[in-house]
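Participant: Dumping the structure here so I can ask a few things about it.
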Amino acid sequence: MGESNLSGIYRRYIACLNKQDWSQLGDFVGGDVRYNGERIGLSGYREMLERDFREIPDLRFEIRLLICEPPHIASRLHFDCTPIGTFLGLPVQGKRVKFAENVFYEFGGDKIQQVWSVIDKSAIESQL
836 MGESNLSGIY
846 RRYIACLNKQ
856 DWSQLGDFVG
866 GDVRYNGERI
876 GLSGYREMLE
886 RDFREIPDLR
896 FEIRLLICEP
906 PHIASRLHFD
916 CTPIGTFLGL
926 PVQGKRVKFA
936 ENVFYEFGGD
946 KIQQVWSVID
956 KSAIESQL
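See below:
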């Protein structure tokens with residue numbers, strides 16, 4: 836798969852997340868997807884995202900940096916949101932916070948098979 840095609844798929848995946856169009860998630864994520872080394876499958880991945888949107892009603896994924904080297908994507912995502920309770924073990928309680936996530940994806944064909952994610956928790960801590 837070419838770099839521009841994989842980049843386009845990833846951008847459509849992020850748009851799917853922002854629309855919370857869970858019926859289309861399987862178009863982008865493989866059935867046996869692994870997240871930070873653990874096999875959670877498509878249903879577990881969807882549950883994780885749905886929980887994120889429940890806990891952060893104004894959640895929006897914004898791509899700040901995107902590097903594509905098929906079959907991998909590296910992305911720095913930016914968030915400016917208000918988690919309603921505890922987030923990453925921190926008592927955010929509705930306070931607006933800004934932070935980044937560095938995330939790496941491995942694609943198999945046109946679907947995400949593995950995700951490695953690191954959220955900048957210290958950025959959130961410094962705002963509380």
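So for the sequence shown, the working numbering puts the first residue at 836; every next one is plus one. Where a beta carbon is used, it is the ideal one built from N, C-alpha and C, also for glycine.
Decide yes or no for the touch test of the segment 866-877 against the segment 944-951: beta carbon pairs closer than 8 Å, at least 3 of them.
Facilitator: The segment 866-877 vs the segment 944-951: in contact.
Participant: Less than 9 Å between the beta carbons of Asp955 and Asn937, yes or no?
Facilitator: Going by C-beta atoms, Asp955 is nearer than 9 Å to Asn937.
Participant: So is Leu900 buried or exposed if we call it buried at 16+ other beta carbons inside 10 Å?
Facilitator: Counting Cβ neighbours within 10 Å, Leu900 comes out exposed, since fewer than 16 surround it.
Participant: Taking only the alpha-carbon atoms, compute the straight-line gap between Gln855 and Ile849 and give it to the nearest angstrom.
Facilitator: The straight-line gap from Cα to Cα measures roughly 10 Å.
Participant: Mind listing, in chain order, the continuous beta strand (DSSP E) runs of no fewer than 3 residues lying wholly within the segment 871-940?
Facilitator: Correct list: 897-904 and 907-916.
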